[in-house]
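Numbering (this note's numbering), first residue to last: 10 to 1016. Below is one structure; the comments refer to it alone.
Shown next, in the form of structure tokens:
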């Protein structure tokens, strides 16, 4: 077999320029083979080779070490192939490579730094003093830092899964910084006179406080200083002069110490600076004193601190200096941190701050900013911190500094869905590892994904993700992560539940039985003891569902109280929750949705009908997440759904029940849409009517199949049609409406008697299957408007209808046909029926006798059909100025003018009013009065059923007098439920105005 050429071998190892590499090696490939193999595993073999050639030239010993030690070779090659800056350090200090064969052990105690500064043994870690010259101490401090940092980088770059192990790297860097700060403070004490007389603690903030540092970061700190005790810091007696040091003088000394510590790590020196010590998170920022006493800090946070400062304090941690003072500071500020969310507008302020951060990004960097940009690290951090601050005031498990720890606590506490938390955890590790790789290249502070091809390839290889091998792969992965993080950030960070939870008082949050009773009574619960029982049932236990309920209920209790019946709202929420059990999506939806929880609370505390209907169709809760699911479906979509349901039903009863089930869904969807303002009254009526159509359609199919099977008939002897009348025909049904219908058939054989018998059986069966059975709500059928009324046959042939209307038609029957339309059955037969009745209903103008007939009939209905014991003016349907008045007025004009004016030929009352106005039969003012009264009455009818849950009986058509019912209806009419009396007053005013029009137009008072 032919051996690979040097160039081919190098290319196979991953060298981008194998020819150049071969020339540089100048025939030494065999000698370098183990090194080259290791470079092939690195991020950039070409860069690594250049660095190692320089290293071995500077130190022949280094070459021998690389060849002899596999561990060192792997570490050095990984560093050289990734970071030109760290590679240069190894060239300058080749002896450092010997460290890379040892296990990295970074401790935050700072002992290794203190030993390097020759600190005297026996001194406390809080007040040690270095015993070296300043310049030597600074050099030793920095050199040791970089030497250990390279060891951390080596472990990072040789890891098989750096994304998973990101946290170990960040914590090691943070611990290294802690130790360095302790050394810097010891060095500062050696040069600041009087330092023994003050206590100083360095509080780590930001990423330092959370132990989440990058390779190159500003180190955010806050300084706290105090006058030392009389014995001094080291336990020795203070001099008489020292005893007289004032607080002001002690702060001056502490400030000098802080400045000196800062110079030790970031000032000029023989070794390049480490990182800036940034104290801008201190009270008053750059304008405030560098060092304050603990009391001064507390006073500032009590009186002047802004919201963002409390968010920053979330990460505060003692890093160096006086440990007791550091702990006292953290304990003191914790009170402010965990009560900050109660500040007015806190959540909104946090969100505005996130928006400002994004808006300040340079436009050319915005799309590649992995820290501050959309979908970057800040999206994760702001999301986690806001949830911590809002919920951590009562849940101490959330009081952690580290982002991943906090995310895990939020997951375990049920504040974030498990899948969302796990995804955010993975994305955060990816982004932080990506940030590390960007910075490692040149050890520069950067958070922008580069655009250079070679850098992208280097970073991609260093990520060690199977699907990310090239720069293009990295770009694709970054965009995917960015989009996913942004989506999760928006979904969680902008939850409406957060500002609501933040505004709660401590006694609102408390679900303690005794503390809650008075609060519940105070916000409107009539039976606090029963409410507490419901709360206990929902929140007891340690299940995830119970945990989420404990988050939701404090907010939901307030939302229920905004409705007219909070007790009912809580009761039905318990029923619904127990029905759902541990269904995973239910609790997640209420916690995470932008509107579902608020909408559900409003519905349950306002509408008894919907509150009772939702548990029987619990998936309807999902509809609350947006508006689209609450809009009525088209007739075509519903019939397609009906066909699918029927295809799975094996019995005739099952077919009928499929239609009734679908109607129930429609009624629920309609009610939700109406209560939430997604649809209006007319849309609700049309949707309810469509539900009846679907149920009748399924019932007709079921009844036909059942009767034919009972007679062993393979084919029907007739074609069948159901015609809708009244509100059914007008698309104006309400929840309590009967379905007025006619049955029509057309025989297909000469045996018309048998065809008639079968048609009547089908009609009878249809009525039965819509009424019988308790599985689904019944639909009451009223066939009394048929020819001869109850005395006539339930079904007639088309020919029989024609004969009857030709010989015995009465005026009231002609009027009833004005709002007749086919609703189910044979379409061709429906067209024939309409062709039959159009000349009848839209015929000649009314004769004087017919005028009298219509008016007498209306007067008789007003006197005879109004329920006894009900105040007529409050009856929405039959009362003066009510629905019937407007319907009859429109139909009166249609009967008289429909033959000559085709625009009047509509089954819709409101469309008829518009047509009558355009035809000059009504003035615009009269039409508006009639329409206003009719619409308000129809909305009231819907609201009465939705509010009370009653779907039958005389009370569904009467304006209530009960105060609670009026409050409920007021809320359903989008009014303040406290303005309950306005409901009746508004209706009486509108109906009086409408009645005056009816008396002139219908009864002819102006004649």
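Yeah, the Cβ is synthetic: ideal placement off N, Cα and C, and Gly gets one too.
> Taking one C-beta from the segment 667-684 and one from the segment 638-658 each time, how about it: are there three or more such pairs within less than 8 Å?
Replying inline: yes
> So what's residue 68 in DSSP terms, helix, strand or just coil?
Replying inline: coil
> What runs of the alpha helix (DSSP H), each 4 residues or longer, lie entirely inside the segment 397-434?
Replying inline: Counting whole runs of 4 or more residues, the segment 397-434 contains the alpha helix (DSSP H) stretches 412-421.
> What does residue 750 pair with, by DSSP beta-bridge criteria?
Replying inline: 733.
> Start and end of the alpha helix (DSSP H) containing residue 162?
Replying inline: 143-166
>> What does the alpha-carbon distance come out to for the pair residue 434 and residue 418?
In response: 12 Å
> By a C-beta neighbour count over all protein chains shown, 10 Å radius and 16 as the cutoff for buried, is residue 11 buried or exposed?
Replying inline: Residue confidence is low: residue 11 scores 49 on pLDDT, short of 50, so the model does not pin down where it sits. Its coordinate-derived value is still stated next. With fewer than 16 Cβ atoms within 10 Å of its Cβ, residue 11 is classed as exposed.
>> Please state the DSSP three-state secondary structure of residue 456.
In response: coil
>> Once DSSP output is grouped into helix, strand and coil, what is the label at residue 2?
In response: No statement about residue 2 is possible, as the shown extent of the chain runs from 10 to 1016 and does not include it.
>> Counting beta carbon pairs with one atom in the segment 774-782 and one in the segment 698-716, are three or more of them shorter than 8 Å?
In response: yes
> Along the chain, where does the beta strand (DSSP E) that runs through residue 213 open and close?
Replying inline: 207-213
> So, helix, strand or coil for residue 287, using DSSP?
Replying inline: strand
>> Measuring straight from C-alpha to C-alpha, what distance separates residue 226 and residue 169?
In response: 25 Å
>> With DSSP as the reference, identify every bridge partner of residue 229, one or two as the case may be.
In response: Per DSSP, the beta bridge partners of residue 229 are 287.
> Per DSSP, what kind of secondary structure is residue 976 in: helix, strand or coil?
Replying inline: helix
> Mapping DSSP to helix, strand and coil, what is residue 372?
Replying inline: In the structure shown, residue 372 falls within a coil segment according to DSSP collapsed to helix, strand and coil.
>> DSSP three-state label for residue 791, please.
In response: strand
>> Once DSSP output is grouped into helix, strand and coil, what is the label at residue 192?
In response: helix
> Taking the alpha helix (DSSP H) that residue 680 falls in, what are its first and last residues?
Replying inline: 661-684
> Quick one: what does DSSP say residue 1000 is sitting in, helix, strand or coil?
Replying inline: helix
> Who pairs with residue 235 in a beta bridge, going by DSSP?
Replying inline: Beta-bridge pairing links residue 235 to 208.
>> On a Cα-Cα basis, can you pick out the residue from 762, 748, 786, 755 that is closest to residue 794?
In response: 748
> Are the beta-carbon atoms belonging to residue 270 and residue 211 less than 9 Å from one another?
Replying inline: In this structure, residue 211 lies closer than 9 Å to residue 270 by Cβ.
> Apart from the five residues just before and just after residue 857, which ones in its own chain have a Cβ nearer than 7 Å to its Cβ?
Replying inline: none
>> Cutting at 7 Å between CB atoms, please list the residues of its own chain near residue 891, excluding the five before and the five after it.
In response: Taking residue 891 as the centre and dropping the five residues before and after it, the same chain places the C-beta of 884, 885, 946, 1000 closer than 7 Å to its C-beta, in chain order.
> Which class does residue 121 belong to by DSSP, given the choice of helix, strand or coil?
Replying inline: helix
>> Could you compute how far the alpha carbon of residue 958 sits from the alpha carbon of residue 475?
In response: 59 Å
> I think residue 579 touches residue 543, with their Cβ atoms under 8 Å apart; what is that distance to the nearest whole Å?
Replying inline: With a contact defined as Cβ atoms closer than 8 Å, residue 579 and residue 543 qualify at about 5 Å.
>> Helix, strand or coil for residue 1019? Go by DSSP, reduced to three states.
In response: Any question about residue 1019 goes unanswered here, given that the chain covers just 10 to 1016.
> If we ignore side chains and look at the alpha-carbon of each, how far apart do residue 328 and residue 123 end up?
Replying inline: 15 Å
> Is the beta carbon of residue 265 sitting closer than 9 Å to the one on residue 359?
Replying inline: no
>> Am I right that residue 726 and residue 764 are in contact with their C-beta atoms under 8 Å? What's the rounded C-beta distance?
In response: 4 Å
>> So that I know if they touch, is there some Cβ in chain B lying closer than 9 Å to that of residue 113?
In response: Here chain B cannot be found, since the structure has a single protein chain.
> Unbroken beta strand (DSSP E) runs of length 3 or more, entirely within the segment 881-911: which are they?
Replying inline: If we require 3 residues or more, the segment 881-911 turns out to have no beta strand (DSSP E) run fully inside it.
> Near residue 201, what residues of its chain come up, given a Cβ to Cβ distance below 7 Å and the 5 sequence neighbours on each side ignored?
Replying inline: 262, 265, 266, 269
>> I need the boundaries of the alpha helix (DSSP H) containing residue 833, first residue and last residue.
In response: It is not in any alpha helix (DSSP H) - residue 833 instead sits in the beta strand (DSSP E) that spans 830-834.
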